[in-house]
Every structure is written in structure tokens, then in C-alpha cells.
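Okay, so the sequence shown: first residue is 183 according to my numbering, each after it adds one.
No residue lacks a Cβ here, since even glycine has one placed at the ideal position from N, Cα and C.
It should be emphasised that the depicted structure is a prediction, and the values quoted were computed from it without experimental measurement.
All remarks here apply to the structure that follows.
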Amino acid sequence: MIFTDARELARMLRAKEISAREVLDAHLAQIERCNPDVNAIVTLVADRAADEAAAADERLAHGDEVGPLHGLPIAHKDTHDTAGIRTTYGSPLLADNVPTRDALVVERIRAAGAITIGKTNVPEFAAGSHTINPVFGPTRNPYAPSRSPGGSSGGAAAALACGMHPLADGSDMGGSLRNPASYCNVVGLRPSPGRVPAWPDAAPWSTLAVPGPMARTVSDVALLLGVLTGPDPRDPTALDTPGAVFAAEPPTDVRGLRVAVAPDLGGAVPVDPAVKVVVERAARVLEELGCVVEPACPDLTGADEAFRTLRAWQFELAYSAMLDAHPDDLKATLRDNILAGRTLTGPDVGRAHVLQAALYHRVREFFGRYDALLAPVSQVPPFPIEWEYPTEVAGVPMHDYLEWMGSAYLISATGCPAISVPAGFTPDGLPVGLQIVGRHRGELGLLRIGRAFEQATGHGRTRPRGAAPGDTSTSS
Numbered sequence: 183m184i185f186t187d188a189r190e191l192a193r194m195l196r197a198k199e200i201s202a203r204e205v206l207d208a209h210l211a212q213i214e215r216c217n218p219d220v221n222a223i224v225t226l227v228a229d230r231a232a233d234e235a236a237a238a239d240e241r242l243a244h245g246d247e248v249g250p251l252h253g254l255p256i257a258h259k260d261t262h263d264t265a266g267i268r269t270t271y272g273s274p275l276l277a278d279n280v281p282t283r284d285a286l287v288v289e290r291i292r293a294a295g296a297i298t299i300g301k302t303n304v305p306e307f308a309a310g311s312h313t314i315n316p317v318f319g320p321t322r323n324p325y326a327p328s329r330s331p332g333g334s335s336g337g338a339a340a341a342l343a344c345g346m347h348p349l350a351d352g353s354d355m356g357g358s359l360r361n362p363a364s365y366c367n368v369v370g371l372r373p374s375p376g377r378v379p380a381w382p383d384a385a386p387w388s389t390l391a392v393p394g395p396m397a398r399t400v401s402d403v404a405l406l407l408g409v410l411t412g413p414d415p416r417d418p419t420a421l422d423t424p425g426a427v428f429a430a431e432p433p434t435d436v437r438g439l440r441v442a443v444a445p446d447l448g449g450a451v452p453v454d455p456a457v458k459v460v461v462e463r464a465a466r467v468l469e470e471l472g473c474v475v476e477p478a479c480p481d482l483t484g485a486d487e488a489f490r491t492l493r494a495w496q497f498e499l500a501y502s503a504m505l506d507a508h509p510d511d512l513k514a515t516l517r518d519n520i521l522a523g524r525t526l527t528g529p530d531v532g533r534a535h536v537l538q539a540a541l542y543h544r545v546r547e548f549f550g551r552y553d554a555l556l557a558p559v560s561q562v563p564p565f566p567i568e569w570e571y572p573t574e575v576a577g578v579p580m581h582d583y584l585e586w587m588g589s590a591y592l593i594s595a596t597g598c599p600a601i602s603v604p605a606g607f608t609p610d611g612l613p614v615g616l617q618i619v620g621r622h623r624g625e626l627g628l629l630r631i632g633r634a635f636e637q638a639t640g641h642g643r644t645r646p647r648g649a650a651p652g653d654t655s656t657s658s
């Protein structure tokens, strides 16, 4: 049951083949088994979840209408506010913070019938693609406990990989849905800006950070995307397309689609040779499925500067007052980003918007010729958990904790949706994800290609060693 797809579990629940209580108990037992080793779920509300499961069973027994996620357990990212449940943002300053209202993504998931079981671990204020903070410590990679699970949705990805819950919410500015999905052999989708509305949000007009879904399969990501999408007056960028458009199981016929492949994004980023091999192998799979595949990449000039400038501006906006009040209580890299934001001038921010606008139109024209772009999610496989970030990639020094994730954040700057799908393992057994990038607002196409690749390869069915009771399988 713990590794049954969310879509099938939801069907079984609605058909009364299984109860919400039974589903919850199985997942709580799995949390008890696995969480001490990976530290993915950092706040557990088992008693509250039990009450919600009982109520869910009663609603179904009485013939009440139930939502698409009826009875499915889920833990929310610890940067997503949850009413009555501690939400720390990975910071000692908020270690005892208990919000009085749900974030919009949590609100929608709960309205669809899901049962909240707790919170998943994050880096401090979600800054960085390695999940460690001074409140709860590090989350470990389920496939290699000495390695990072990625971030910032690292707790969510690790919990999914271990079968602690079947669906997860996350958010992505520079790769935070895609990188941990790649590192933990699950699926993470960064939607187009506005596809999944966000609230509360200090910068609601910004397009850099977006909430989105994670799961173990592309089909389950589509199920959750269907719940999360749709307009909301609290988000001025929210798109009008209703969730039902995305909720169905994606088709898998990709014959005739034109697909570009860029293992190093046209030379924009250095990439570990083991990662390049996986991307190139994935391209051959899609070619065998009938796609027209050729090497090509959009011109990403200006993407790095635009992303870094707008990110620093947004961090200063969100956390400057906190830095002033507690100058010694924020991690150094976060403090540096806030201070960098303070040095920006109006012309600096204006130049970033001009660069991003030009980038948008070049990429738009590129996707007039291609249906998708294949690229690495992360430039390196999962790295040692003791590192804050890789300081070198393929022999090239990395100058800060952002640079090694250029393969993800350069795509963020384009505004395109992108999905990470399990694509294989390194010779050492470390998971590697394939990043599939689509045209603006082209989530349906991404889901189609991602599911076709997933069905053809089956990489996501390889579980971490010992993830299931009695399981003796290896992680590669």
C-alpha cells in the first residue's frame, strides 16, 4: 500500500476497497520505520491525522461527495503555512511559529480531501539546494544516506521516495522542486508562473518562485496539479485554466514531437560526465519512442544576471527586517543574499527585467520550432551531506552556493515550465533526473513527454534499499 500510486489509492478509497484509517496507519508505520534514518518529516501530527481519517471514512459512509484526494495522507513543506501546525521555515527564529491560517496550496489540498500528517524538512528559509537547517538538522538521501537529498523541497522528495506519503507539495525558485526530485528518484514539476497561485506572498507579481506538485509518478503529479491550479483573487498572476484540464492521466504517444537536447545548456554550464551520459541516454529513449531529437538550445544570454538580480531583490524584500532584528541568527549565505539585494539600484532591477524580457522572446521563438528541451536537472549527482554545496563541477570552480544549480535556475529565468523525471543512476547508484522543459504554459505537453519516458524506462520504480518491510533490494 505504501508504494501504491496516489491515483490508484484514491480510486480504492472511493470504491471502499480500503479505508482512510488503513491508509493512514500504513503510512504512519512507514514513517516510524524510515524517518529516523532520513529525517524527512520534521513535525508529525498523527493524532490530528487519525481524527481526519475517521471523519473521511464517515463522510464516504454517509454518501457525501468527496474530493479527488479523499483520504490520501500528505505532509506539507515547512515553508507552507499550516493552521494550527508548527511551521518553522527551518529557522530558529520561527522554531515555535504556529500559523493561524493555511497557505493557499495547503488550503486547496485539504479541500480536495487529503489528510495532513505533518511537515517536511527544508533549508533555512528555503535558501539553497541542500536540505539542512539549525532547527532539525539534515535530511539524508534515501538512496545514499551519506549524500544530500537536494533542496529546498528535500524533505518532501525523501519522504516520497521512502513511501511516507504518496503526494507532496513544494516550491521552486532556482530548482527547489526539480533538484530534490532528481536526487531522490521522484517527479517534481515547476509550473509556469501563475499556473499554481500562491498566497500569502510578499512579492505577488514576481515570476521567480512558484509552488508546485511532487509525486513518485508523472500521472500522480498531474493528479495533484489538477487540484492546485485555477484562479484565485489573492494572486494577481493566477491563470484562469481550471484544474480539470490537467487532472487526467496524461497520454503517452509522443510520435512526431520535435525535441531538442542540450546536455550542458549550449555550453552555459559545466556538467559532471556521469550526468551528461544520463541525459544523452534519455534523448535516445525519446528518439526510439518516435520523437525527432536533435541538439539545440535557446540562447540563454542574460538569464544568470536576471535571475541573480531579481532573486537578491526578492530576498531583501522578504527578509531584510528580520536581518536587522536578528543579524547573527541567519545563515551566512542567506545574509549575503539579503545584503546583495540592498546594494541594488533601480537601474539594476530595471536591467534585470529588460534582460528577462529579451530572454522570454528568444525562448518563445525557440519553442516555435521545438516541443521540448532535454537538459540536466542538476549539474552533479547527489553530493556528500557534509558539504553546503559543491565547490567544483567537472573541474570548474563554483564561486557560490547558487552557481552549481545553473542548469535549473537559468530555466527558472525563462518562465518556462519544467519537470524532473527519474532518468537512471550513476555507476555508484546515485539517482539522476532528466529535466524536460516546455513552452510557456505548456504543462500538458510536459506531462505527456514525461509520462511516455517514465513508462518506457521504469527508473522511478527502483526503490531505496530497505524502503519496504522485508525489502532487500539495492538502490541501483
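With contacts defined by Cβ atoms closer than 7 Å, I601 and L626 do not form a contacting pair. Secondary structure remark: continuous alpha helix (DSSP H) runs of at least 4 residues inside the region 258 to 295, in chain order: 286 to 293.
Between the alpha carbons of P281 and R490 lies a distance of about 30 Å.
Distances from the CA of H252 to each of A236, G266, D414 were compared; the closest alpha carbon is that of A236.
Scanning the region 514 to 585 for uninterrupted alpha helix (DSSP H) segments of 4 residues or longer gives 514 to 525, 528 to 548, listed from N- to C-terminal end. Bounds of the beta strand (DSSP E) holding I223 are 223 to 226. Its chain contains V400, S401, P432, T434 as the residues whose beta carbon lies nearer than 7 Å to that of R633, once the 5 sequence neighbours on both sides are disregarded; these appear in chain order. When the Cα atoms are used, T389 and I314 turn out to be separated by approximately 26 Å. The alpha carbon of D610 has as its nearest neighbour, out of I618, P564, T573, the alpha carbon of P564. D454 places its beta carbon less than 7 Å from that of V562. Taking each of A464, G532, E570 in turn and checking the Cα distance to L516, the smallest one comes out for E570.
About 14 Å separates the Cβ atoms of T298 and V224, ruling out a contact at the 8 Å cut-off. Counted as a single uninterrupted DSSP element, the stretch harbouring V457 is not any beta strand (DSSP E) but the alpha helix (DSSP H) occupying residues 455 to 470.
In the three-state scheme derived from DSSP, where H, G and I count as helix and E and B as strand, M396 is classed as strand. Residue environment for V392: buried (at least 16 other C-beta atoms within 10 angstroms of its C-beta). With a 10 Å radius around the Cβ and a threshold of 16 neighbouring Cβ atoms, V227 comes out buried. Taking 7 Å as the cut-off, the beta carbon of V427 is found no closer than this to the beta carbon of D351. For I184, there is no enclosing beta strand (DSSP E), since its DSSP letter is neither H nor E.
Excluding its 5 nearest sequence neighbours in each direction, I200 has C-beta neighbours in its own chain below 6 Å: M194, listed in chain order. T639 is the residue among V409, T639, A456, D446 whose C-alpha sits nearest the C-alpha of R466.
Secondary structure at R621: coil, using DSSP grouped into helix, strand and coil. Apart from the 5 residues on each side of it in sequence, L447 sits with its Cβ closer than 7 Å to the Cβ of C479, L482, A557, S589, L592 in its chain, given in chain order. L405 is positioned such that its CB atom lies closer than 7 Å to that of R189.
Beta-bridge analysis with DSSP links E476 to A442. The alpha carbon of V441 has as its nearest neighbour, out of P320, A326, I631, the alpha carbon of I631.
By the criterion of a C-beta distance shorter than 8 Å, Y501 is surrounded in its chain by F307, L512, L516, I520, once the five residues flanking it on both sides are discounted. Fully enclosed beta strand (DSSP E) runs of no fewer than 3 residues occupy 349 to 354, 369 to 372 of the region 322 to 376, in order along the chain. When beta bridges are read from the DSSP output, F607 appears opposite P613. Under DSSP, S602 forms a beta bridge with G370, Q617. Going by DSSP, T434 is part of no beta strand (DSSP E) at all; its letter is neither H nor E.
Boundaries of the beta strand (DSSP E) harbouring I297: 297 to 302, taken from the DSSP string. Here V461 is buried. Its C-beta has 16 or more other C-beta atoms within 10 Å. Rounded to the nearest angstrom, the gap between the Cα atoms of G332 and A222 is 12 Å.
Setting aside the 5 residues that flank it on each side, S328 is surrounded in the same chain by R322, P566, I567, each with a C-beta closer than 8 Å to its C-beta; the list follows chain order.
Contact check for P418 and L407: beta-carbon distance about 21 Å, past the 8 Å limit, so the pair fails to qualify.
I631 carries a helical assignment under DSSP once its states are collapsed to helix, strand and coil.
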